[in-house]
Amino acid sequence: MASIKFAVDGKPVTVNADPAMPLLYALRNDLEMSNPHFGCGLAQCGACTVHLDGEPVRSCVMPLSAVAGRKVTTLQGLGTPKKPHPLQAAFVEEQVPQCGYCVNGWIMTAAAFLKKNPKATDSQVREALAGLKCRCGTHVAILRAIKRAQSMMA
Amino acid sequence: MNARNQLPLSRREFLKASGALIVGASGPVFFGDTLAQAPAGSLRPAVVPTELDSWVAITADGRVVAFFGKMDMGQCLDVAIAQIVADELDVAYEKVEVVMGDTALTCNQGGASGSTGISTGARPLRNAAAEARRLLVESASQKLGVPAAQLRVDNGVVSAVSDPSKKVSYAELIGGRHFNHQVEWNKQTGNPMDIKVQAKPKSPSEYRVVGKSFPRRDVAGKVYRTDKYVTDVSLPGMLHARVIRPTRAACTVASVDEASIRAVKGARVVREKDFVAVLAEHEWDAVRASRMLKVDWNHAKQSPFPPMAELHEHIRRAPVQKREEPVKRGDVDAAFKTAARVVEAEYEWPFQSHASMGPACAVADVRADGVVVWTGSQKPHFVQLGVARLLGVPPEKVRAIWVTGPGSYGRNDAGDAALDAAMLSKLAGKPVRVQGMRQDGIAWDPKGPACVHRARAALDASGKVIAYEFISKGFSRINIQTNESDPSHSLVGMSTGLPPKPNDAFNVPAESYVFDNKLLAWETIAPLLDSCSPLRTSHLRDPVGPEIQFGSEQFIDELAAATGEDPVAFRLKYVTAPRDAAVIKAAAEKALWQARPAPRANRSGDVRPGRGIAYAQRGGSIVAVVAEIEVERKSGRIRAKKFTVAHDCGLIINPEGLRYTIEGNVVHGLSRTLFEEVRFDRDRVTSIDWMTYPILDIADAPESIDVVLINRPEVAPTGAGEPSIRVIPAAVANAFFDATGVRLRKVPLTPERVKAALARA
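Have a look at this one:
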């Protein structure tokens, strides 16, 4: 057990846990933040994605020890219904999610990518999002929403 | 008005009042009430189909609550129900709330099932809303002293046609109170449940809300993650569980070494016969313990599965358990004897997994005075029955509450998780949350059945098809029942000694081709393993639809090619139903289809374009799709460029919602066509994650999906949740033939198979 301090969505937190425990369990269980999902536990689907110091990481394989002193941003920290991130607004506008279990991964990964590559082409966007999974087949809507977000951010 | 008759103000408060939900410090959390604390139905008459109050209510402030015994899985179904109810009651769409998926609040309409959400699911709601309007207008008539025939309703306000100042609102008439009105139930449970009422529902020409696109209501909650999933349900004192599935199929437990998890503080083992699980207060401890636990398994002497490469040979050789011939016209065998030419082909489809986005999760609180189960299952009313049977308690003591889960599309692992949670809570004496790990959602969910399709056709000298035969042979689509009402069909039931109860069913192509002599038949074979099989089969989105139509619609294309005819023209020559012909024409026209036979004449270069069409019916709906693809010869990759779908499901309730639902079908279908195949060795399923069960990546998503919606207001609405997935595999395979002149008759159409097929050609 270790006492590990870091920040989540701008707030300092302390978690007393196994330092090898993935960040996802700390967020979901210790901090009662349910927004990142457990999808695979293997970094193969992206449902658990959060930003660590601004970079997208798969929290299901990120040991808590590696998070000490760093800044974690979750989907809820990215934006809220009152202050949405353009991607969130676009995903709502385009009615993207169906079951919605994957949507966290798409938005968090795309947000980090568009920040650096606001004018990315369709094929660059596809490349950046490779590996993320969606089981309802909303991929075409995801691409439409990202395009919409790009024009909102321009 | 007493408290018993008071209706809640909002859906959330409704659930809160009935004990399902409280708002805690960290946002809404689900609270583990029991039926004793908040008896089901304390807010209104018993929830039975014969009570109008079981279907519809008017709140004190004039809003309408519709109680829907199915649920929306993200395809706009609740919105459509609200539209239908709004029209019948003459209220604004925004005023209608839809409560769904809670056995204490809704009747058993069968849950999400067979694309029947609108076709059968909306019927009792429509009738109930019409009846409620009739009663309200009658009541207004007495109050205003105006004959009912001289009254009109605008947005929940009843007024005299001749004197609009004479008016009374629904809220004033009944708000917050109950109708206490009996309706006639058709005595059916599940999908066909309906009620008969005195009121006559409106005719489609009177609809103002139905037919318009209202946005979905669940989207913002999912995008901002303010809504909760079943994975987020948390109860005081709850334990986390992981079920330990055997390392090989056909195993029993020899011994469990409880000391092997001693290092995980507070973790413990629970076991009932061959059902083993670990429990811990913290989820991570449960995960750790599940990895550390040592279980000795007794393996069966014989490996249960054939070598994977011999799967389809096994299907061909296996004795037929059941055969049906749903379509039999003329004398096929006699006609074949007169044939000038015979065309034959066989098509193969693998086992496929639901492989839901996350492994299933459920939470159960089993107490002496009642049981509550939170489940992502598509069929919570059947979970209620299954849990009751598993635990040996009366069904009325069990409440199942559906909460959005990590995926669905059939009898996936959610059905097992719900019963697992109930058994574990009983064994632990505490509330238990169970979620699988990734392999539980791919290796251990019930599978879509592997199958082989044999097709042959006889042509006369002129090229006319004089006989046609299509026979599917495969594992049953219902080896495992498609709902959870009988625990014999669950892993926990079977591993604790309940006997398997296999059933046999398959299906035949759904089309309207007329051939003078025609036989469509199916044959099922025995499961590879009777009990607890990771290859047990059940419903996966559009059960056996993509499987069968991959063969039948490719074979039609093979006949068109054999006779040198254009694939669209060939279909139109033999299709007889006018709506079917209209759908095929609509897809072809929208896709700018130029008539010519396949394959295309110019087939050179590394990247070869191709186009293909497929059409099918499903439960009254009709779909046709034109696939435009590119085949990369060197890499063997098939790139889907564009799909053009024409879709006729009768009266359209919500065009945008329908469009998104079709898009999801197309991409899900493309994934199953190009990538999906459950791998196994002689003893186990070896598809355990996304590397070993690849699905479509966004790189492979089509560039565009064009949807032509054919609205037929005069035709009662049929389904849309599944029909358009079944035409995708054949359309892609037909486009591949058009591009290359080579047939691919085995799914998935992987680069390896593409390269091998092109090398053989």
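Protein chains in written order, with numbering that gives the first Met the number 0: chain A, 0 to 153; chain B, 0 to 760. Even for Gly, the Cβ is constructed at its ideal location relative to N, Cα and C.
Using the Cα positions of residue i and residue j, report the straight-line distance between them to the nearest angstrom.
| i | j | result |
| --- | --- | --- |
| A103/B | V252/B | 38 Å |
| S25/B | D101/B | In this prediction, S25/B scores a pLDDT of 30, lower than 50, which makes its location untrustworthy; no coordinate-derived value is stated. |
| A37/B | F474/B | At A37/B the pLDDT is 33, less than 50, meaning the model places this residue with poor confidence and gives no usable figure here. |
| R595/B | P545/B | 26 Å |
| V431/B | P405/B | 18 Å |
| D565/B | T115/B | 35 Å |
| Q377/B | L76/B | 13 Å |
| T660/B | L669/B | 14 Å |
| G611/B | G718/B | 24 Å |
| M690/B | S302/B | 25 Å |
| G428/B | R366/B | 7 Å |
| G38/A | G68/B | 28 Å |
| V136/B | G120/B | 25 Å |
| G492/B | A738/B | 50 Å |
| A148/A | H311/B | 47 Å |
| R715/B | H452/B | Per the sequence presented here, residue 715/B reads as Ala, with Arg not at that position. One C-alpha to the other measures close to 33 Å. |
| P27/B | E552/B | Bear in mind that the predicted position of P27/B carries a pLDDT of just 30, short of 50, making it unreliable; the figure below should be weighed with that in mind. Spanning the two alpha carbons is a distance of roughly 49 Å. |
| A147/B | S53/B | 25 Å |
| N15/A | A1/A | 5 Å |
| I117/B | M72/B | 13 Å |
| K641/B | K293/B | 51 Å |
| L458/B | A466/B | 7 Å |
| L34/B | L384/B | Bear in mind that the predicted position of L34/B carries a pLDDT of just 27, short of 50, making it unreliable; the figure below should be weighed with that in mind. Distance between the alpha carbons of L34/B and L384/B: 16 Å. |
| T749/B | R759/B | 15 Å |
| A623/B | D485/B | 37 Å |
Output, in chain order, the set of chain B residues within a Cβ distance shorter than 7 Å of residue i.
| i | result |
| --- | --- |
| T79/A | Y223 |
| K132/A | M356, W689, I694 |
| M20/A | W283 |
Report back the beta-carbon spacing between residue i and residue j to the nearest angstrom; my notes put them in contact at under 8 Å.
| i | j | result |
| --- | --- | --- |
| C44/A | L131/A | 7 Å |
| S58/A | P21/A | 6 Å |
| P97/A | C135/A | Position check: residue 97/A holds Gln in this sequence, whereas Pro was assumed. Rounded, the Cβ-Cβ distance is 4 Å, consistent with contact. |
| I727/B | A585/B | Not really, about 17 Å apart at Cβ, beyond 8 Å. |
| R216/B | V78/B | 6 Å |
From which residue to which residue does the alpha helix (DSSP H) around residue i run?
| i | result |
| --- | --- |
| P499/B | Careful: P499/B lies outside any alpha helix (DSSP H) and carries neither H nor E. |
| D77/B | 76-88 |
| A585/B | 577-589 |
| Q553/B | 544-561 |
| Y659/B | 654-673 |
| A285/B | 282-291 |
| A127/B | 121-143 |
Could you name the residues of chain A that residue i contacts, counting a contact when the two beta carbons are closer than 9 Å?
| i | result |
| --- | --- |
| V665/B | G136, V139 |
| K227/B | S33 |
| A698/B | S122, R125, E126, L128, A129 |
Give the range of the beta strand (DSSP E) segment to which residue i is assigned.
| i | result |
| --- | --- |
| L757/B | Run containing L757/B: none in the beta strand (DSSP E); it sits in the alpha helix (DSSP H), 750-759. |
| Q480/B | Taken as a continuous stretch (DSSP letters only), Q480/B belongs to no beta strand (DSSP E), as it is neither H nor E. |
| P85/A | Careful: P85/A lies outside any beta strand (DSSP E), inside the alpha helix (DSSP H) at 85-92. |
| D647/B | 636-647 |
| T739/B | Element bounds for T739/B: not the beta strand (DSSP E) but the alpha helix (DSSP H), 727-739. |
| M99/B | 95-99 |
| W401/B | 397-401 |
| F569/B | Where F569/B is concerned, there is no enclosing beta strand (DSSP E), although the alpha helix (DSSP H) it sits in stretches over 566-573. |
| R366/B | 360-366 |
| R340/B | 340-348 |
I want to check one thing, is the minimum distance from the CB of residue i to the heavy atoms of the ligand NAD below 6 Å?
| i | result |
| --- | --- |
| I583/B | Ligands are entirely absent from the displayed structure, and the ligand NAD is therefore not among its contents. |
For residue i, write down the residues that DSSP places opposite it in a beta bridge.
| i | result |
| --- | --- |
| L527/B | The partner list for L527/B (beta bridge, DSSP) is empty, contrary to what the question assumes. |
| E54/A | L51/A |
Mind listing the chain B neighbours of residue i? Cutoff is C-beta to C-beta under 8 Å, in chain order.
| i | result |
| --- | --- |
| V102/A | K221, V222 |
Can you list the residues of chain A that residue i reaches, using a CB-CB cut of under 8 Å?
| i | result |
| --- | --- |
| Q74/B | Q97 |
| E282/B | Y24, R27, N28 |
| Q434/B | F37 |
| R437/B | G38, C39, G40, L41, Q43 |
Who are the neighbours of residue i on chain B, taking C-beta pairs under 9 Å?
| i | result |
| --- | --- |
| A46/A | M356, G357, P405 |
For residue i, return the contacting residues in chain A, with the cut-off set at a CB-CB distance below 7 Å.
| i | result |
| --- | --- |
| A729/B | Under the 7 Å cutoff, chain A gives no residues; its nearest Cβ is about 18 Å from A729/B. |
| I628/B | Those do not exist, as I628/B stays about 15 Å from chain A at its closest Cβ, beyond 7 Å. |
| D231/B | S33 |
field: chain C contacts from the stretch 393-417 of chain B (Cβ-Cβ distance under 9 Å)
entry: This model lacks chain C altogether; the protein chains it does include are A and B.
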